[in-house]
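Peer 1: Numbering (my numbering), first residue to last: 8 to 463. Quick reminder that beta carbons are idealized off the backbone N, C-alpha and C, glycines included.
In structure tokens, the structure reads:
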């Protein structure tokens with residue numbers, strides 16, 4: 008009888024505690040993205056998309072994008088030496104195993120990828136990005152030449168009247184990373200100014216890096232239905248490349264840089280490395296013509312001064328890109344369906360002066376070759392999207408792509424300018440998603456991509 012009484016009192020006390028306990032359920036805000044013109048909850052998107060927001064950045068290393076990007080399945084990012092990235096989305100590096108190529112990259116409304124398919128992603132400091140959307144698989148229908156996918160970088164625009172931030176980090180091997188941010192929101196105008204500095208000695212010999220970065224974002228709501236955005240950034244990046252080792256050399260000293268051979272000098276003797284300075288500027292205008300029509304246009308220009316002393320040569324590149332992206336949008340409601348139609352164009356021109364010299368202990372020597380190359384790429388695109396009863400999303404899109412190279416050799420033997428025009432490419436995409444339950448979405452897509460020969 009005594010045991011039964013104790014048991015009953017225990018149950019009663021547990022019930023009392025359960026009744027008095029407050030509800031601690033925290034409802035998370037639904038994540039909404041806009042990868043294909045239409046705003047979509049991440050749960051309902053028609054494509055396979057990896058999302059990296061500030062919460063992911065805060066949990067990973069803040070020295071580079073590498074660890075954050077590698078949280079996304081099907082995506083592999085590597086840093087061969089500090090400051091040197093290569094990126095693969097679903098095996099896209101099989102086409103070009105170095106750098107960030109065949110992956111179209113945008114910073115807000117502005118393309119970062121040049122007309123030859125190359126992206127200097129390592130020019131950016133991680134503080135420049137507020138969010139990354141990684142669209143996996145070919146996305147040629149509205150983004151042009153790419154075979155791996157697309158990266159959409161969203162900056163952080165100010166939301167409060169004044170924001171001031173400072174971050175300092177340090178680590179092993181002389182690692183130091185600092186970034187500062189000042190943002191101000193006025194009635195119709197806002198700006199965000201970012202400055203960053205990063206350096207590292209690296210684990211291996213001759214693997215140090217240094218980057219200085221400045222960025223200014225501005226937005227002006229000059230009319231109730233229109234706004235103007237401007238982006239300017241400058242990056243000064245240099246890093247040394249230690250080179251490869253044989254298995255025996257690695258076992259003897261894994262921190263060593265590439266050694267001299269009977270035919271070549273060492274990485275240290277040749278001062279092998281990358282020296283890259285990039286200045287980028289762009290302006291975009293968004294005009295809500297009416298409740299059904301919108302027009303967006305972006306123009307941009309970029310200049311890169313690139314130097315690469317290597318074991319066997321000393322390369323210099325002077326690169327200049329000018330580009331434009333513009334589209335119209337029509338949206339309406341038909342009974343229980345939302346319809347959106349987009350049509351637009353994108354065009355870019357990259358002119359590059361290639362100079363190759365002998366490398367005399369890190370100093371340019373005799374001329375090996377001098378070439379001028381101009382890459383031109385343009386495409387027109389259209390997309391039609393249906394959203395039926397907030398359940399079924401259907402998207403049909405297509406683009407027509409043109410690519411052309413003009414090239415001329417100046418030394419060692421002058422060869423007159425020639426032209427290479429590639430076959431026009433028509434790239435369709437059909438995709439749909441169906442929200443079966445609040446926790447289950449069925450999706451499928453068929454798309455096509457391509458990449459023109461890279462120029463760097």
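1. Taking DSSP as the reference, what is the three-state secondary structure of residue 26?
2. Please list the terminal residues of the continuous beta strand (DSSP E) segment that includes residue 189.
3. For residue 158, does the count of other Cβ atoms within 10 angstroms reach 16, so buried, or fall short, so exposed?
4. To which residues does DSSP link residue 458 through a beta bridge?
5. Quick one: give me the first and last residue of the alpha helix (DSSP H) that residue 149 is part of.
6. Could you please give me the residues that DSSP links to residue 350 through a beta bridge?
7. How would you write the range of the alpha helix (DSSP H) that residue 66 sits in, first residue to last?
8. Are the beta-carbon atoms of residue 355 and residue 384 separated by less than 8 Å?
9. Within its chain, find whatever has a CB closer than 8 Å to the CB of residue 446; leave out the 5 residues flanking it on each side and keep chain order.
10. In terms of alpha-carbon separation, which member of 427, 431, 220 lies closest to residue 414?
11. In terms of DSSP beta bridges, what is residue 302 paired with?
12. From residue 16 to residue 77, what does the alpha carbon distance come to, in whole angstroms?
13. Buried or exposed for residue 247, please, with buried defined as at least 16 other CB atoms from any protein chain shown within 10 angstroms of its CB.
14. Determine, using beta-carbon pairs with one atom in the stretch 365-379 and one in the stretch 272-282, whether at least three such pairs fall under 8 Å.
15. Looking only at its own chain, which residues have a Cβ that is under 7 Å from the Cβ of residue 207, when we skip the five neighbours before and after it?
16. For a quick check, are the C-beta atoms of residue 386 and residue 360 less than 8 Å apart?
17. In this structure, how does DSSP classify residue 318 when only helix, strand and coil are distinguished?
18. Just to confirm, are residue 222 and residue 240 a CB contact at a threshold of 8 Å?
19. Within 10 angstroms of the Cβ of residue 62, are there 16 or more other Cβ atoms? Answer buried if so, exposed if not.
20. Excluding the 5 residues preceding and the 5 following residue 394 in the sequence, name in chain order all residues of the same chain whose CB lies nearer than 6 Å to its CB.
21. Which one of 189, 396, 411 has the shortest CA to CA distance from residue 381?
22. May I ask which residues mark the beginning and end of the beta strand (DSSP E) holding residue 140?
23. If residue 211 and residue 249 are in contact, beta carbons under 8 Å, what's the gap, nearest whole angstrom?
24. DSSP state of residue 202, grouped into three classes?
25. Determine the direct distance from the alpha carbon of residue 454 to that of residue 272, and round the result to whole angstroms.
26. I need the straight-line Cα distance from residue 348 to residue 451, nearest angstrom please.
27. Mind checking which residues open and close the beta strand (DSSP E) that includes residue 110?
28. Assign residue 164 to one of three DSSP states: helix, strand, or coil.
29. For a minimum of 4 consecutive residues, which ranges assigned as the alpha helix (DSSP H) are wholly contained in the stretch 192-277?
30. So, under 8 Å CB-CB, residue 53 and residue 458 are touching, yes? Tell me the CB distance rounded to an integer number of Å.
31. In or out: residue 268 buried (at least 16 other Cβ within 10 Å) or exposed?
32. Where does residue 376 fall in DSSP's three states?
33. Taking all protein chains shown into account, decide if residue 432 is buried (16 or more other Cβ within 10 angstroms of its Cβ) or exposed.
34. Spell out the partners DSSP gives residue 123 in its beta bridges.
35. Measuring alpha carbon to alpha carbon, tell me which residue in 42, 236, 155 is nearest residue 82.
36. Alpha carbon to alpha carbon, what distance is there between residue 336 and residue 391?
Peer 2: Let's see:
1. Unreliable placement is indicated for residue 26, whose pLDDT of 46 sits below 50; no coordinate value is reported for it.
2. From DSSP, the beta strand (DSSP E) with residue 189 extends over 182-192.
3. Classification for residue 158: buried.
4. In the DSSP output, where bridge partners are listed per residue, residue 458 has none listed.
5. 147-150 is the extent of the alpha helix (DSSP H) around residue 149.
6. Partner(s): 335, 389.
7. Per DSSP, residue 66 belongs to the alpha helix (DSSP H) from 61-66.
8. Judged by beta-carbon spacing, residue 384 lies within the 8 Å limit of residue 355, meaning their Cβ atoms are closer than that value.
9. If we look at residue 446 and ignore the five residues flanking it on each side, it has no Cβ neighbours.
10. Measuring from the Cα of residue 414, the nearest candidate turns out to be 427.
11. Under DSSP, residue 302 takes part in a beta bridge, and its partners are 294, 335.
12. Annotation note: pLDDT 33 at residue 16 (below 50); position unreliable, coordinate value reported separately. Looking at the backbone, the Cα of residue 16 and that of residue 77 are separated by about 53 Å.
13. Residue 247 is classed as buried because its beta carbon has at least 16 other beta carbons within 10 Å across all chains shown.
14. Taking a cut-off of 8 Å for Cβ pairs, the stretch 365-379 and the stretch 272-282 touch, as three or more such pairs fall below it.
15. So the qualifying residues of the chain are 89, 180, 181, 182, 215, 216.
16. Taking 8 Å as the Cβ cut-off, residue 386 and residue 360 do not qualify as a contacting pair.
17. Here residue 318 sits in coil by DSSP.
18. Judged by beta-carbon spacing, residue 240 lies within the 8 Å limit of residue 222, meaning their Cβ atoms are closer than that value.
19. Exposed, by the Cβ-count rule.
20. The answer, listed in chain order, is 345, 400.
21. Out of 189, 396, 411, 411 has the C-alpha closest to the C-alpha of residue 381.
22. Segment 138-143, the beta strand (DSSP E) holding residue 140.
23. Separation of the CB atoms of residue 211 and residue 249 is rounded to 5 Å, and the pair is thereby assigned contact status at 8 Å.
24. Annotated three-state conformation of residue 202 is strand, per DSSP.
25. Roughly 47 Å separates the two Cα atoms.
26. If you take the alpha carbons of residue 348 and residue 451, they lie about 20 Å apart.
27. Residue 110 -> beta strand (DSSP E) spans 110-114.
28. Here residue 164 sits in coil by DSSP.
29. For the stretch 192-277, the continuous alpha helix (DSSP H) assignments of 4+ residues that do not extend past its boundaries occur at 254-259, in sequence order.
30. In this structure, residue 53 and residue 458 do not form a Cβ contact; the two beta carbons are roughly 23 Å apart against a cut-off of 8 Å.
31. It is exposed - the Cβ of residue 268 has fewer than 16 other Cβ atoms within 10 Å.
32. Three-state result, residue 376: strand.
33. Under this definition residue 432 is a buried residue.
34. Residue pairing by DSSP leaves residue 123 without any beta bridge partner.
35. Considering only alpha carbons, the answer is 155.
36. In this structure, the CA atom of residue 391 is about 10 Å from the CA atom of residue 336.
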